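In our numbering, the protein residues as written are 196 to 362. So the structure is just underneath, and the comments pick up after that.
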């Protein structure tokens, strides 16, 4: 439980006891007279004890701290409401001036990002098409080179065969 809750319960109990006390006093009940006499004797004895005075000092210190905390909480609530008002004004300003802010600060929007993604996809498609056509051209060139080498080898072989026959 929080200290404020405990304090409220203690105050409530004390208030109930005080109400019962005044009710019994106002009715002049003999039970009240006996209880009053006993309570006075007990309170005199308790007040003379040193630890009771120490407790009352601690309660006074504690109540001062609670008052300070309550004042701090009120201060924070006031400042919180001020900060909420400021952030609402900032949000309103941004909503009203968002286009101008985007232009002035060169900010990127979702549509700008979507355009870049579309351009990237188009470039990727073009690159893949180029790569495929280039691979086909390279395969054709390698095949042509292989055919030329084969023909050169055949021509070389024919020339060597003709020179061998002449000798």
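All residues carry an ideal CB built from backbone N, CA and C; glycine is no exception. All of these numbers come straight from a predicted model, not from anything done at the bench.
| Check | Outcome |
| --- | --- |
| Nearest-angstrom Cα separation, counted from residue 315 out to residue 322 | 10 Å |
| Under the three-state DSSP convention, the category residue 303 falls into | coil |
| Proximity winner among 216, 221, 222 and 223, relative to residue 235 (alpha-carbon distances) | 216 |
| Straight-line Cα distance separating residue 232 from residue 221 | 16 Å |
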